[in-house]
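Quick mapping for you: the protein sequence lines, in order, are chains G and V.
Residue numbers for the first sequence follow our numbering, so the first one is 123 and each next one is one higher.
Residue numbers for the second sequence follow our numbering, so the first one is 15 and each next one is one higher.
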Amino acid sequence: MATELFNSFMTGPDEKGRFGDFGGRFVSETLMPLILELEAQYEHAKTDDSFWAEMHDLWTHYVGRPSPMYHAERLTEHLGGAKVYMKRDELNHTGAHKINNVLGQIILARRMGKTRIIAETGAGQHGVATATVCAKFGLKCVVYMGAHDVERQAPNVFRMRLLGAEVVPVTSGRGTLKDAMNDALRDWVTNVRDTFYCIGTVAGPHPYPAMVRDFQAIIGKEAKEQMMEAEGRLPDTIIAAIGGGSNAMGLFFPFLDDTSVNIIGVEAGGKGVNQKMEHCASLTGGRPGVLHGNRTYLLQDDDGQILEGFSISAGLDYPGIGPEHAWLHEIGRAQYVAITDKEALEAFQLCCEKEGIIPALEPSHALAHVMKIAPTLPKDHIICMNMCGRGDKDIFTVAKHLGFDMKI
Amino acid sequence: MTRIDDTFAKLKAANKKAFVTYVMAGDPNYETSLEVVKGLPAAGVDIIELGLPFTDPMADGSTIQLAGQRALEAGMTLEKTLQLARDFRTTDDTTPIVLMGYYNPIYNRGVDQFLQDAKEAGIDGMIVVDLPPEEDDELCIPAQKAGLNFIRLATPTTDEKRLPKVLENTSGFVYYVSITGITGAAEAQASDVAPEVARIKSQTDLPIIVGFGIKTPETAEAIASVADGTVVGSAIVSLLENGKSVTEVLAFVKSLADGAHRA
Chain G
123 MATELFNSFM
133 TGPDEKGRFG
143 DFGGRFVSET
153 LMPLILELEA
163 QYEHAKTDDS
173 FWAEMHDLWT
183 HYVGRPSPMY
193 HAERLTEHLG
203 GAKVYMKRDE
213 LNHTGAHKIN
223 NVLGQIILAR
233 RMGKTRIIAE
243 TGAGQHGVAT
253 ATVCAKFGLK
263 CVVYMGAHDV
273 ERQAPNVFRM
283 RLLGAEVVPV
293 TSGRGTLKDA
303 MNDALRDWVT
313 NVRDTFYCIG
323 TVAGPHPYPA
333 MVRDFQAIIG
343 KEAKEQMMEA
353 EGRLPDTIIA
363 AIGGGSNAMG
373 LFFPFLDDTS
383 VNIIGVEAGG
393 KGVNQKMEHC
403 ASLTGGRPGV
413 LHGNRTYLLQ
423 DDDGQILEGF
433 SISAGLDYPG
443 IGPEHAWLHE
453 IGRAQYVAIT
463 DKEALEAFQL
473 CCEKEGIIPA
483 LEPSHALAHV
493 MKIAPTLPKD
503 HIICMNMCGR
513 GDKDIFTVAK
523 HLGFDMKI
Chain V
15 MTRIDDTFAK
25 LKAANKKAFV
35 TYVMAGDPNY
45 ETSLEVVKGL
55 PAAGVDIIEL
65 GLPFTDPMAD
75 GSTIQLAGQR
85 ALEAGMTLEK
95 TLQLARDFRT
105 TDDTTPIVLM
115 GYYNPIYNRG
125 VDQFLQDAKE
135 AGIDGMIVVD
145 LPPEEDDELC
155 IPAQKAGLNF
165 IRLATPTTDE
175 KRLPKVLENT
185 SGFVYYVSIT
195 GITGAAEAQA
205 SDVAPEVARI
215 KSQTDLPIIV
225 GFGIKTPETA
235 EAIASVADGT
245 VVGSAIVSLL
255 ENGKSVTEVL
265 AFVKSLADGA
275 HRA
């Protein structure tokens, strides 16, 4: 080769909203003009200093960024191998990384003159973040949540209502996150003039996967600087949990071109990735298809019908995954693994005991993989995992699994 | 020329408006569904839209969604939907069938395989809700090449600038969505629809058929009178939902067809 051009992993998506073969704009005609308008507005805002100034001001004073980079000493010692750091995004206002993205979309919605915000939510963290920012700006907020999730995430439902949001339990389909997304899309197609659809993950039609990633990339940007400060070098491995994949994409994106950094995404393996599909591991156990506006890996049957996932964690309970992850998987830049409910529960408990941090069940999956690989790695190997949410919302679920009676 | 083109030529010669119905393939089960579909032409239906069941019909209201669930629970698949078309063709070789649904089951089968099978099954065209012009390379262009019509939806949000793009690779007819919203929701208003149909007509020679929000013979007549025809779906499907007999369903279809044909 005469000249070797450096191919960046950070240039996607292309003008059709594709990451390789994944992504795109698979929506009905009614929505098409809306997403084109959103794309134009986002492209404009992205290069507007005043937009980012407003974001940074709120990230600092409202969210509490930058989130700390924490050396988990006792966990490192316990595992006896690699040095483990945690990016503490669970310390954000509202308790998870979700608010990073919501702020961006709501500021954009305000610029577009939209007065009504809709969102879908699974575990309720994105719904709570959306309700929070809507309360702050005095916007009407409607959150679609699967009836099944309304039941298992009752504290978050109450939080959203306290914050003035209308929570609509979705009974259509099977009443889970994917059905909540369907109903949010139905709302949007009906209320096209005044409504902004605030999607909570790096999925959906273009420009959502890119836009949400860009808002979440603050996680990776900070992590990079903080690792340089703490260790004088980049980490060797970065790890994050994946449902739709927004916290992972946020951590991964700024590291994509640092090829010395090993990138691992952790999917929800539920009861185990097997023929019975009792898991949510779209990359490990699914295949490409088209749903919710994008082509990506999906859990589906032989006829192309979408299957329900299964996970102890409502936040990972989605049969798809962001298209950029599907692309990173296919080109091999990132590695994707699955962790079972049981392994995640063990990691949850270990983190409580060793670090005094009650993690959400979502990052417990990432932590479980850290527990698997850290002992096999040398002491100078640095792992940075994304502690993307706190576990307050999950204590009822965990108590049930551990056989602890909460009524006492 | 597909059966769709032939049908519109005949309707035009007779100075009649088209009456189009949507039913979900396999709702509530294969046998009943086939009986309904076979009875539609005699009830006055000019074009049959055959719903392809999908678990996540994001542009449909609860009536169509539940119909899809009933069909899937009764074991319906894309293959059986094509079989239903084949069975229908044993008794009727003139009434056009338009397959209407979402892309994933088709993508899952493989586009080339699907087009070959659909054509052999006697399908004339398709409406795939989640394939806008921006994704024409996926199925629209291959379908046209295979000699099947690809019918596109135009909506109240399709503005002047965008309309040529929507019309560009459309064939058979244009399906104008009367409202911003989902199937089976708000009632369509002829006064809102008329100027929109005129706007689209100024840019295409294709027939304009109007659907969404048409539930009664009166509305069917009013809407058909300002367009080239009208589609009714949810109102018919809801009769099956409520356990009505095939005879009752077809009697209602006939009343709607008579309404549309009065226009």
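We treat Cβ as the ideally placed atom computed from N, Cα and C, and that holds for glycine.
On a predicted model such as this, the values are computed, not experimentally measured, just so you know.
Give the straight-line distance between the Cα atoms of alanine 277 (chain V) and isoleucine 18 (chain V), rounded to the nearest whole angstrom.
-> Each residue's Cα considered, the two are about 20 Å apart.
Contact with chain G by methionine 114 (chain V), beta-carbon distance below 8 Å | No - not a single Cβ of chain G is within 8 Å of the one on methionine 114 (chain V).
Hey, does isoleucine 18 (chain V) have any beta-carbon neighbour from chain G nearer than 8 Å?
-> The beta-carbon of isoleucine 18 (chain V) is placed no less than 8 Å from the nearest beta-carbon of chain G.
What does glutamine 427 (chain G) touch in chain V if you count any residue whose Cβ is under 9 Å from its own?
-> Within 9 Å Cβ-Cβ: Pro67, Phe68, Thr69, Asp70, Leu86, Thr91, Asn118, Pro119, Asn122.
Identify which residue in G:Glu195, G:Gly454, G:Arg335 has its Cα closest to the Cα of glycine 372 (chain G).
-> If we check each option's Cα against that of glycine 372 (chain G), G:Arg335 comes out closest.
How about methionine 154 (chain G): is its C-beta nearer than 8 Å to some C-beta of chain V?
-> It does: the Cβ of methionine 154 (chain G) has a partner Cβ on chain V nearer than 8 Å.
At a cut of 8 Å, does the stretch 436–455 of chain G reach the stretch 289–308 of chain G through at least three beta carbon pairs?
-> They touch, by the three-pair rule.
Using a Cβ-Cβ cut-off of less than 8 Å, give me the residues of the stretch 167–178 of chain V that come near chain G, in sequence order.
-> Hits within the stretch, in order: Leu167, Ala168, Thr169, Pro170, Thr171, Thr172, Asp173, Arg176.
Can you tell which of G:Ile505, G:Ala482, G:Gly444, G:Met191 has its C-alpha closest to the C-alpha of valine 520 (chain G)?
-> For the residues G:Ile505, G:Ala482, G:Gly444, G:Met191, the minimum Cα distance to valine 520 (chain G) belongs to G:Ala482.
Pair within 8 Å by beta-carbon distance, alanine 168 (chain V) and leucine 162 (chain V) = No, these two residues do not count as a Cβ contact at 8 Å.
Are alanine 241 (chain G) and glycine 366 (chain G) touching if we call contact CB-CB under 8 Å?
-> For alanine 241 (chain G) and glycine 366 (chain G), no; Cβs fall outside 8 Å.
Does the beta carbon of glutamate 255 (chain V) come closer than 8 Å to any beta carbon on chain G?
-> So no, glutamate 255 (chain V) is outside the interface.
May I have a chain-ordered list of the alpha helix (DSSP H) segments no shorter than 4 residues that lie completely inside the stretch 469–504 of chain G?
-> Fully enclosed alpha helix (DSSP H) runs of 4 or longer: 483–495.
Cβ pair alanine 88 (chain V), isoleucine 137 (chain V) closer than 8 Å | For alanine 88 (chain V) and isoleucine 137 (chain V), no; Cβs fall outside 8 Å.
Where serine 486 (chain G) meets chain V, residues with beta-carbon distance less than 8 Å | What serine 486 (chain G) touches in chain V: nothing, since even the nearest Cβ is about 29 Å away.
Let me know the secondary structure DSSP gives arginine 296 (chain G) once reduced to three states.
-> For arginine 296 (chain G), the secondary structure class from DSSP, reduced to helix, strand or coil, is coil.
Please list the segments of the beta strand (DSSP E) lying wholly inside the stretch 363–434 of chain G, counting only runs of 3 or more residues, in order along the chain.
-> Unbroken beta strand (DSSP E) stretches of 3 residues or longer found wholly inside the stretch 363–434 of chain G: 384–392, 409–413, 415–420, given in chain order.
Name the residues in the stretch 132–154 of chain G whose C-beta lies less than 9 Å from a C-beta of chain V; which are they?
-> Residues of the stretch 132–154 of chain G with a C-beta atom less than 9 Å from some C-beta of chain V are Lys138, Gly139, Gly146, Arg147, Phe148, Val149, Ser150, Glu151, Thr152, Leu153, Met154, listed in chain order.
Please decide whether valine 520 (chain G) counts as near chain V, where near means a Cβ-Cβ distance under 8 Å.
-> Interface annotation, valine 520 (chain G): not in contact with chain V, CB-CB separation never under 8 Å.
What residues in the stretch 300–317 of chain G bring their beta carbon closer than 7 Å to a beta carbon of chain V?
-> Answer in chain order: Lys300, Asn304, Leu307, Arg308, Val311, Thr312, Val314.
Reduced DSSP secondary structure (H/G/I, E/B, other) of alanine 85 (chain V) = Per DSSP, reduced to three states, the secondary structure at alanine 85 (chain V) is helical.
Return the chain-ordered list of same chain residues with a C-beta closer than 8 Å to the C-beta of threonine 172 (chain V), the five sequence neighbours on each side being excluded.
-> A distance below 8 Å between beta-carbons, with the five flanking residues on each side excluded, links threonine 172 (chain V) to the following residues of its chain, in chain order: Val180.
With a cut-off of 8 Å, does the C-beta of serine 404 (chain G) fall near any C-beta of chain V?
-> Serine 404 (chain G) has a beta carbon lying at 8 Å or more from every beta carbon in chain V.
DSSP state of threonine 35 (chain V), grouped into three classes?
-> Of the three classes helix, strand and coil, the one that applies to threonine 35 (chain V) here is strand, per DSSP.
Buried versus exposed, by CB contacts within 10 Å (16 or more), proline 147 (chain V) | Burial call: buried.
Under 7 Å from the C-beta of glutamine 79 (chain V): neighbouring residues of chain G | Within 7 Å Cβ-Cβ: Ser294.
Quick check: the stretch 475–493 of chain G against the stretch 398–410 of chain G, are there 3 or more CB pairs under 8 Å?
-> No contact exists between the stretch 475–493 of chain G and the stretch 398–410 of chain G.
Could you pull out every unbroken alpha helix (DSSP H) segment of at least 4 residues lying fully inside the stretch 194–263 of chain G, listed in chain order?
-> Segments of the alpha helix (DSSP H) lying fully in the stretch 194–263 of chain G: 195–201, 220–233, 247–259.
C-alpha gap between histidine 523 (chain G) and glycine 244 (chain G), whole angstroms = So the two alpha carbons sit approximately 20 Å from each other.
Could you tell me whether the Cβ of glutamate 149 (chain V) comes closer than 8 Å to any Cβ of chain G?
-> For glutamate 149 (chain V), the nearest beta carbon of chain G is closer than 8 Å to its own beta carbon.
Given that glutamine 422 (chain G) touches chain V, what residues does it touch there, using C-beta distances under 8 Å?
-> Going along chain V in sequence order, the residues near glutamine 422 (chain G) (Cβ under 8 Å) are Asn118, Asn122.
Which term fits histidine 178 (chain G), buried or exposed, when burial requires 16 or more other beta carbons within 10 angstroms of its beta carbon?
-> Exposed.
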